[in-house]
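Trainee: This is the structure I have questions about; it appears just below.
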Amino acid sequence: MFYNIVFKHVMGRKAKEIIDLSSSLADIWRVLSEEERDLIRKNARFVHYKKNEAIYIEEEQPQDLMCLLKGKVKIFKNGVGGRVQIIRMIRPIQYFGYRAYFAREPYVTAASAFEPSTVCLISMELIEEMLRKNGNLALLFIQMLSCDLGVADNRVVNLTQKHVRGRLAESLIFLKESYGLEEDGATINIYLAREDLANLSNMTTANAIRTLANFVNERIISLDGRKIKIIDEDKLLKISKIG
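Here the numbering used here is used: the first residue of the sequence shown is 1, the next is one more, and so on.
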């Protein structure tokens, strides 16, 4: 919905030009009436976050629907003993931050910018008003929540039942599918610290480092600092599948 918005916003266009969206975008924008679109135009806010800057924190009261326009965002939770678990990674153009509002509860997770990022925020009170009048918009949110629940269900099983190799392989495939590859067609387009990769894969940093080294020795991947290049994707998929 908002990719064209942020592009024109960053380029310094006028407010109305910012909201001129391509007809090829098929999400929230297409199910809104012109009146609702005008409300979005008037109320949308653009916030730029620095690397590692908090977007929201646990126990904070939710107020906005968030859409990542540029950059990468991680959703995470602080567990027992201060151990961090990355719940999911947000990519452009994905919505986040709305579940807690509908549940009428504070955030149970936190979100921060994994790299310099731009987020569009729209008041959830405004969104709720629209939902009560627009059945297609309500259905769209039901679909988004349902998809998120399905992903969460699969992730719980995978993180608890797969062995270390399977979890790490799955994380690498997830990162590749989420953020794509660099121009060489093999290097994952995100640079993760080993600790972040471990937190995403539900393992210790030591296990992540050891398993990455094993993948390198088996010529499944190669490493260049934080860059991860996939050499044998078929084998990586097989390891992920068998767990």
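All C-beta atoms in this analysis are idealised placements derived from N, C-alpha and C, irrespective of residue type, glycine included. Remember, it's a predicted structure, so these values are computed and weren't measured experimentally.
Are the beta-carbon atoms of G180 and P116 separated by less than 8 angstroms?
Mentor: No; because the gap between Cβ atoms is not below 8 angstroms, this pair is not in contact.
Trainee: When we look at the beta-carbon of S146 and count the other beta-carbons within 10 Å, is it buried (16 or more) or exposed?
Mentor: With fewer than 16 other Cβ atoms within 10 Å, it is exposed.
Trainee: Between the region 122 to 135 and the region 55 to 71, do three or more beta carbon pairs fall short of 8 angstroms?
Mentor: A contact exists between the region 122 to 135 and the region 55 to 71.
Trainee: Judging by CA-CA distance, which residue of D196, I173, A198, N43 is the nearest neighbour of K229?
Mentor: Here the closest residue by C-alpha is I173.
Trainee: Contact between the region 37 to 47 and the region 98 to 106 is defined here as three or more beta-carbon pairs at a separation below 8 angstroms; is this criterion met?
Mentor: Output reads no: the region 98 to 106 does not touch the region 37 to 47.
Trainee: Looking at C-alpha atoms only, which residue of L137, A186, M203 is the closest neighbour of G166?
Mentor: Minimum Cα distance to G166 is reached at M203.
Trainee: So R88 is in the beta strand (DSSP E); what residue range does that whole segment cover?
Mentor: Start and end: 84 to 90.
Trainee: Span of the alpha helix (DSSP H) holding R167?
Mentor: Its alpha helix (DSSP H) spans residues 164 to 179.
Trainee: Give the DSSP-derived three-state secondary structure of R104 in the structure shown.
Mentor: Correct three-state label for R104: coil.
Trainee: Hey, quick one: how far does the beta strand (DSSP E) through D148 stretch, first residue to last?
Mentor: Looking at the DSSP string, D148 is not in any beta strand (DSSP E); the run it does join, the alpha helix (DSSP H), is 135 to 161.
Trainee: How many angstroms separate the CA atom of R91 from the CA atom of K227?
Mentor: Their backbone Cα atoms lie some 18 angstroms apart in a straight line.
Trainee: Less than 8 angstroms separating the beta-carbons of K50 and A111?
Mentor: No, the Cβ-Cβ distance between K50 and A111 is not below 8 angstroms.
Trainee: I'd like the list of long-range same chain contacts for A26, defined as Cβ closer than 8 angstroms, with 5 residues on each side in sequence excluded.
Mentor: The pLDDT assigned to A26 is 41, lower than 50, so where the model puts this residue is not dependable; a value taken from the coordinates is nonetheless given after this. So no residue of the chain qualifies.
Trainee: When burial is assigned at 16 or more other CB atoms within 10 Å of the CB, is L223 buried or exposed?
Mentor: Counting Cβ neighbours within 10 Å, L223 comes out exposed, since fewer than 16 surround it.
Trainee: With DSSP collapsed to three states, give me the class of F46.
Mentor: Here F46 sits in strand by DSSP.
Trainee: When you compare the CB positions of G81 and Y56, do they come within less than 8 angstroms of one another, or not?
Mentor: No.
Trainee: Do you know whose CA, among R88, E34, K238, L39, lies nearest N199's CA?
Mentor: With distances taken between Cα atoms, N199 lies closest to R88.
Trainee: From the DSSP output, which residues share a beta bridge with V73?
Mentor: Paired residue(s): I90, A113.
Trainee: Count the other CB atoms within 10 Å of the CB of S33; is the residue buried (16 or more) or exposed (fewer)?
Mentor: By the 10 Å Cβ count, S33 comes out exposed.
Trainee: Is the shortest distance between the beta-carbon of E218 and the beta-carbons of chain C less than 8 angstroms?
Mentor: No chain C appears in this structure, which consists of one protein chain only.
Trainee: What's the call for R83, buried or exposed, on a 16-neighbour Cβ count within 10 Å?
Mentor: Flag for R83 reads exposed.
Trainee: Return the CA-CA distance between E233 and I239, expressed in angstroms with no decimal places.
Mentor: One C-alpha to the other measures close to 10 angstroms.
Trainee: So what does DSSP say about K235, is it helix, strand or coil?
Mentor: K235: helix per DSSP, three-state reduction.
Trainee: What residues in its chain sit with their C-beta under 7 angstroms from that of L236, if we drop five residues either side in the sequence?
Mentor: Cβ within range, chain order: A169, L172, I173, I220, I230.
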